[in-house]
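K.L.:
Provided herewith is a single structure, encoded as structure tokens, for subsequent inquiry.
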Amino acid sequence: GGVGLETHAESGSRTLTAEKSFEPGEALVRVPFLAAINLRSALRRLAGDQRDGSRAKPVTKGGLRAFLAFCKSNQGVVSPEATITLVVALQILSEALDSESSLAQYVKVLPAPRPPARLAKTVRGPPMVHPLLFAAEALEETQNATLCAAVAKERHMLQFIYEGALCAESLTCEDFLWAVAIVRSRSLNLS
């Protein structure tokens, strides 16, 4: 007890709220590390997909090793730090494509991608709002040249990765952008 989840009717957004007073430093929510989605869980899931002949559609063109080799061979474009985010995003995609996944219920309530993302039919939370997903016109409306340039550079890198290493038969580039946005909006440094 002590915390609640509010869903705002108009926007569909959700907010974690305190239902009592907390002392500074007191834990609001505890998530066991083994239940967290992280690099270790992503590597385990993606390696298992390859090894077990998972029911999930493949997210990479040649499996986990091929994806990591692609990232390493393109270090001028893909940094090691970005690779960690990308691998976790691939786990989110793999879980979303597998209706039998133990995380299927979690994935269903994540903020949803907008069409033409294939996952827009699977993920049913409120619409995801993130600069990576803004239409060009909406991004320009921010009147922030630095943000526009950073998002354009990021999209270019992610498009390069999508075309070079991901399985277009299973997912769209919009699905991939959505998964990266999901990871970035929920990341914590747990080291």
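So for the sequence shown, full-length UniProt numbering puts the first residue at 1; every next one is plus one. All C-beta atoms, glycine included, are put in the ideal place defined by N, C-alpha and C. Owing to the predicted nature of the structure, the values given are computational and were not obtained by experimental measurement.
1. Can you tell me which of the three DSSP states residue 233 falls into?
2. To the nearest angstrom, how far is it from the Cα of ARG118 to the Cα of THR7?
3. Can you say whether SER73 is buried or exposed, counting buried as having 16 or more other CB atoms within 10 angstroms of its CB?
4. To which residues does DSSP link GLU6 through a beta bridge?
5. Please name the residue in PRO127, GLY63, GLU174 whose C-alpha comes closest to that of GLU10.
6. Would you check whether the ligand ADP has a heavy atom nearer than 6 Å to the C-beta of SER187?
7. Which same chain residues end up closer than 7 Å to LYS61 when comparing Cβ atoms and leaving out the 5 residues on each side of it in sequence?
8. Quick one, are the C-beta atoms of VAL59 and SER13 less than 7 Å apart?
9. Can you have a look at GLY2 and say buried or exposed, based on whether 16 or more other CB atoms are within 10 angstroms of its CB?
10. Taking VAL183 and ILE92 to be in contact with their CB atoms under 8 Å, please state how far apart those CB atoms are, rounded to whole angstroms.
11. Look at the alpha carbon of HIS130 and the alpha carbon of ALA112, and state the distance between them as a whole number of angstroms.
12. Are THR83 and CYS71 closer than 7 Å when you measure CB to CB?
13. Leaving aside the five residues before and after ALA179 along the sequence, list all residues of the same chain whose C-beta is less than 6 Å from its C-beta, in chain order.
14. Does DSSP put SER191 in a helix, a strand or coil?
15. With DSSP as the reference, identify every bridge partner of ALA112, one or two as the case may be.
16. Please work out which residues of its chain come closer than 8 Å, Cβ to Cβ, to LEU5, disregarding the five sequence neighbours upstream and downstream, and give them in chain order.
17. If you count every other CB in all the chains shown that lies within 10 Å of the CB of ARG114, and 16 or more means buried, which is it?
18. Drop a sphere of 10 angstroms on the beta-carbon of ALA69, count the other beta-carbons inside from all chains shown, and report buried for 16 or more, exposed for fewer.
P.N.:
In terms of the structure at hand:
1. The structure shown does not extend to residue 233, since the chain spans only 1 to 191, so no value can be given for it.
2. 25 Å
3. exposed
4. THR15
5. PRO127
6. As far as ligands go, the structure on display features none, and thus does not contain the ligand ADP.
7. ALA165, LEU166, CYS167
8. no
9. exposed
10. 7 Å
11. 11 Å
12. yes
13. ALA89, ILE92, LEU93
14. Bear in mind that the predicted position of SER191 carries a pLDDT of just 49, short of 50, making it unreliable; the figure below should be weighed with that in mind. Correct three-state label for SER191: coil.
15. PRO127
16. ARG14, THR15, LEU16, THR17
17. exposed
18. exposed
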